[in-house]
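Report on one structure; see the data block that follows.
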Amino acid sequence: MGLLNSFNQWKEARYQNHVSNMKDQGKCPDCEGRGYTVYPYNEFAYFNSFECPGCQGSGHYADWEEMR
0 MGLLNSFNQW KEARYQNHVS NMKDQGKCPD CEGRGYTVYP YNEFAYFNSF ECPGCQGSGH
60 YADWEEMR
């Protein structure tokens with residue numbers, strides 16, 4: 000279990016570092032400020048790739064934090 004816990008801690012620390020970097024830049028961490036996310040398409044599901052679900056398409060950190 001020590002290896003699994005170490006991996007989860009590393010993953011969480013990496014995510015928090017990503018969020019703090021995006022906060023400093025004022026960008027949404029989910030779409031990196033683009034305002035949209037692109038998902039792999041397949042024939043069974045449709046995803047709207049033109050609006051980020053985290054920031055509602057604005058690309059701003061403040062909107063992402065509000066939606067969180």
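Numbered according to numbering that gives the first Met the number 0, the sequence shown spans residues 0 to 67. Ideal Cβ positions, reconstructed from N, Cα and C, are used throughout, including at glycine.
State the Cα-Cα distance for the pair glycine 1 and glutamine 8, rounded to the nearest angstrom.
Residue numbering aside, residue 1 sits at position 2 when the sequence shown is read from its first letter. Residue numbering aside, residue 8 sits at position 9 when the sequence shown is read from its first letter. Spanning the two alpha carbons is a distance of roughly 10 Å.
Based on the DSSP secondary-structure assignment, which residues constitute the bridge partners of histidine 59?
The residue labelled residue 59 in the question sits at position 60 within the sequence shown. According to DSSP, which records beta bridges pairwise, histidine 59 is partnered with Lys26.
Whole-angstrom Cβ separation of tyrosine 35 and phenylalanine 49, contact assumed at under 8 Å?
Within the sequence shown, numbered from 1, the residue matching residue 35 stands at position 36. Within the sequence shown, numbered from 1, the residue matching residue 49 stands at position 50. Rounded, the Cβ-Cβ distance is 5 Å, consistent with contact.
Can you have a look at proline 28 and say buried or exposed, based on whether 16 or more other CB atoms are within 10 angstroms of its CB?
The count along the sequence shown starts at 1 and reaches residue 28 at position 29. So proline 28 ends up on the buried side.
Chain-order list of residues whose beta-carbon lies under 7 Å from that of lysine 22 (same chain, five-residue window excluded):
To locate residue 22, count along the sequence shown from 1; it is residue 23. Closer than 7 Å at the Cβ level, and outside the excluded window around lysine 22, lie Tyr60.
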